[in-house]
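Just so you know, our numbering puts 788 at position 184 of the sequence shown, and the rest follows in order with no gaps.
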Amino acid sequence: MKNIKSVEKAVDILSCFTVETPSLSVTEISFLTEFSQSTVSRILATLEKKKCIERMTPGGKYRLGIKFHQWKSILSQGAGIADLARPVMEKLRDFCGEEVSLYVLSEGNRICVEAVKSRYGLARVTQVGKILPLHCGASGKVLLAYLPENERREIICGKPLEKYTPKTITDPVELEADLKKIRKNGFAMSFEEREAGNYSVVTPVLTKKGKIVASLSICGPLFRLSDEQREKNIAAALDAAQEISQALGRSETVEGVQQWS
C-alpha cells in the first residue's frame, strides 16, 4: 500500500511536540524534521485549520490544539495498561518508598506512561510522557530484551548507541549479552547507566501470549539502597509485574521469574 507523504510529514511535525518541547516555532520544527520552512508552514496551516495545532500568539510559536484534548478524552474512557497498573504501582511504592514508573515501547525508544512519586523528599522524579532510550537503563533494557531478535538487533546495531555516563553499555555484543542475562533472570538492575547516583530495579509486564507490553521500574538514589533492600525490591517488583500481567490476562509465571512471598 502506497504511503501518503503529506500525512507522514504531518505526523513527523506533530511528533516534535513533547513534554520537553511543548511549543515550537516554524524554524525549530524545520530543524527537527529537516523539512523546509515553507513545507512546515503549509502543513501547520492545515493542522491549525483542523484544530490539531494552535498558535500561542499572533506570529508566535505553535502548540498542540484542542483536537488532542478531545482525543485524549476518548482514549481515557478505556482502561489502558496505566489504569490497570496504577493501584499495583501505588502499593509497590508504599512498600519500597521509591518512585515507581511504567514504560512502554515508542518508535525505537521508551516512553513513561505512568509514575508514582517517591515518599522521600530527595528522590528521582520522572515526567509522564518523557521519551528515553532503550539501550540505557534497566527500564529500557527490559523492553529491549523481550523484543523479537530481528527487532532487537535493528535497534542495537542500526546506529551508534549514545553514551550517557561512563557506565552506559554502547558495545552491541556486550549489550546483547546483558539482555540475554535479563531474559534468564526475569528482571534487570542498572546502576548509574543514564544518570549518576541512581539505580533501577525493573521487571517485565507481559500479555497472555508472552509479548512484552511494559517495564515496571523502582528507581531511587544509590545511597538508600542496601543489599537487604535490593533483594526486597527485586522480590516486590517481580510480584507487582506478575499482578499487572495477570490483570492483562496472563496466568502463567513469566519465564525466569520465581514466585516470591
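Idealized CB from N, CA, C, for every residue including glycine.
Less than 9 Å between the C-beta atoms of residue i and residue j, yes or no?
i	j	result
proline 825	glycine 801	yes
serine 819	tyrosine 707	yes
threonine 811	leucine 852	yes
lysine 836	phenylalanine 635	no
valine 615	valine 630	no
valine 720	serine 705	yes
isoleucine 685	serine 710	no
serine 619	tyrosine 666	no
alanine 689	valine 809	yes
threonine 774	leucine 783	no
isoleucine 670	glutamate 652	no
arginine 798	tyrosine 768	yes
phenylalanine 795	lysine 771	yes
glutamate 632	threonine 622	no
phenylalanine 639	lysine 676	no
glutamate 780	arginine 756	yes
isoleucine 759	glycine 712	yes
When we look at the beta-carbon of residue i and count the other beta-carbons within 10 Å, is it buried (16 or more) or exposed?
i	result
glutamine 681	Confidence in glutamine 681 is poor, its pLDDT being 49 and thus under 50, which makes the residue's placement too unreliable to answer from.
isoleucine 838	buried
tyrosine 750	buried
proline 737	buried
valine 611	exposed
cysteine 761	exposed
asparagine 607	exposed
alanine 649	exposed
serine 722	buried
alanine 844	buried
glutamine 846	buried
Can you tell me which of the options puts its alpha carbon nearest to the alpha carbon of residue i?
i	options	result
serine 804	Ala781, Lys665, Arg787, Val746	Val746
serine 743	Gly762, Glu755, Ile715, Val729	Ile715
glutamate 702	Ala689, Gly712, Thr730	Thr730
cysteine 840	Ser830, Ile822, Glu711	The sequence shown places alanine at residue 840, not cysteine. That would be Ile822, whose Cα lies nearest to the Cα of alanine 840.
arginine 828	Leu726, Ala686, Asn713, Leu651	Leu726
cysteine 656	Ile647, Ala781, Pro662	Ile647
arginine 697	Gly712, Glu718, Asn713	Glu718
methionine 793	Val817, Cys740, Lys815	Cys740
glutamate 753	Arg787, Gly733, Val732, Tyr724	Arg787
Three-state secondary structure (DSSP) at residue i?
i	result
cysteine 716	strand
valine 630	helix
leucine 751	coil
glycine 860	Because the pLDDT at glycine 860 is just 37, under 50, the model does not fix this residue reliably, and the value given afterwards should be weighed accordingly. Looking at glycine 860 - three-state DSSP - the assignment turns out to be coil, as it is neither helix nor strand.
valine 732	coil
valine 692	helix
cysteine 620	coil
Taking the beta strand (DSSP E) that residue i belongs to, which residues open and close that run?
i	result
phenylalanine 795	792-795
asparagine 802	802-810
cysteine 823	816-825
leucine 668	666-668
leucine 709	703-710
Quick one: give me the first and last residue of the alpha helix (DSSP H) that residue i is part of.
i	result
glutamate 658	Per DSSP, glutamate 658 belongs to no alpha helix (DSSP H); it is in the beta strand (DSSP E), 657-659.
arginine 723	Run containing arginine 723: none; DSSP gives neither H nor E here.
isoleucine 647	641-653
Any heavy atom of the ligand SAM inside 8 Å of the beta-carbon of residue i?
i	result
glutamate 612	Ligands displayed in this structure: none; no statement on the ligand SAM is therefore possible.
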